[in-house]
Amino acid sequence: MATLKERMAKQREEIKSRGGAYKYFAIKEGTSRFRILPAGEEKDIAIEAIVFYLGKDLGYIISPQTFGEKCAINSAHLKLSASKDETDRAIAKDFKPTKKFFAPALKYNDEKGKEIDTEHGALLLLMTGGLYQDLIDLYLDEDEAGDFTDKVKGYDLKFKRSGKTKTDTEYSVIACKPTPLAKSFAKKTFDAEAMLKEIIPTYAETKELIEKFLNLTPDTDEAPKKKKKKKRDL
13 MATLKERMAK QREEIKSRGG AYKYFAIKEG TSRFRILPAG EEKDIAIEAI
63 VFYLGKDLGY IISPQTFGEK CAINSAHLKL SASKDETDRA IAKDFKPTKK
113 FFAPALKYND EKGKEIDTEH GALLLLMTGG LYQDLIDLYL DEDEAGDFTD
163 KVKGYDLKFK RSGKTKTDTE YSVIACKPTP LAKSFAKKTF DAEAMLKEII
213 PTYAETKELI EKFLNLTPDT DEAPKKKKKK KRDL
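Heads up: the sequence shown begins at 13 in this note's numbering, then just goes up one per residue.
Structural data, given as structure tokens:
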């Protein structure tokens with residue numbers, strides 16, 4: 013019989029090989045450079061979504077609740093939160109729903125903006141509400157910064173992240189010098205809502221994900237030590 017470590021390693025590889033079902037850009041520790049892509053006059057630059065954080069391997073999962081659909085992760089959270097078992101309630105606190113913003117973006121492989129990450133192309137960039145507020149401030153500051161999505165006069169953004177856990181992570185954003193958007197993307201507009209709908213998991217997929225999560229031991233740097241999570245009926 014495979015050990016717990018071997019089973020977890022197998023699960024991680026299965027998740028990685030899903031074919032991009034939940035792919036989006038996440039801001040990693042250090043400095044990353046992105047270009048937020050134009051949405052057009054009738055669309056918002058970003059869309060707010062309900063997400064659940066299911067640990068380091070599974071990451072943030074976008075909930076179908078965002079569009080009023082059933083979500084097995086949310087059902088499990090509500091059930092565990094209402095449990096009389098203290099351990100169940102503690103586990104529920106590990107993956108309570110939060111709100112994040114997603115904006116279509118290009119990522120650069122370098123901080124100077126010389127090389128676009130063409131392997132991934134245009135994907136949604138996950139941001140906290142505070143970080144998106146910083147972007148709004150830049151956009152509305154016409155004297156100093158202005159519209160970073162403009163195809164000719166827009167500019168890249170450098171995101172700085174410090175911290176490794178949910179409790180100590182901090183973000184900041186710096187506006188780069190104006191540069192034209194790459195020609196291969198300048199002829200298009202990008203719909204954040206449509207892009208989110210393309211990567212949002214189905215109910216069956218959220219059920220599979222929450223079952224995997226509840227069979228894992230908690231991240232030692234994300235949550236206090238408690239009893240091992242046991243298999244539950246969802």
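Each residue gets a CB set at the ideal place from its N, CA and C atoms; glycine is no exception.
- In the displayed model, L147 falls within a helix according to three-state DSSP.
- Bridge partners of Y167 according to DSSP: P190.
- For G125, no beta strand (DSSP E) encloses it, and the DSSP letter there is neither H nor E.
- Contact between P116 and M207 holds: CB atoms are separated by about 6 angstroms, below the 8 angstroms threshold.
- Scanning its chain for C-beta atoms nearer than 6 angstroms, with the 5 sequence neighbours on each side dropped, one finds around M139 the residues F113, in chain order.
- For the pair L193 and K163, the CB atoms are nearer than the 8 angstroms cut-off.
- Our two residues, G67 and A134, have alpha carbons roughly 25 angstroms apart in a direct line.
- The way I'd put it, the segment 120-131 doesn't touch the segment 70-84; fewer than three beta-carbon pairs between them come closer than 8 angstroms.
- Across the set K189, K209, R101, N86, the C-alpha of K189 shows the shortest separation from the C-alpha of G166.
- In the structure shown, the three-state DSSP call for F197 is helix.
- In the three-state reduction of the DSSP assignment, I222 falls in the helix class.
- The continuous beta strand (DSSP E) containing K119 extends over residues 110-119.
- Rounded to whole angstroms, K105 and S196 show a C-alpha spacing of 44 angstroms.
- For G67, the enclosing alpha helix (DSSP H) stretches over residues 67-70.
- Per DSSP, the continuous alpha helix (DSSP H) segment holding L208 begins and ends at 204-211.
- Shown here for S44: same chain residues with a beta carbon closer than 6 angstroms to its own, the five before and five after excluded, namely F171 in chain order.
- The straight-line gap separating the alpha-carbon atoms of L150 and E156 is approximately 8 angstroms.
- Selection T78, I59, Y144, R47 evaluated against T214 yields T78 as nearest (Cα-Cα).
- The beta carbons of P109 and I186 sit about 30 angstroms from each other, so the pair does not count as a contact at 8 angstroms.
- R47 has L118 as its beta-bridge partners, per DSSP.
- The bridge partners DSSP lists for L137 are F37, A115.
- With distances taken between CA atoms, F64 lies nearest to I73 out of A58, I73, L152.
- DSSP places T130 in no alpha helix (DSSP H); its state is neither H nor E.
- Here L137 really is in contact with Y36; their C-beta atoms are around 7 angstroms apart, less than 8 angstroms.
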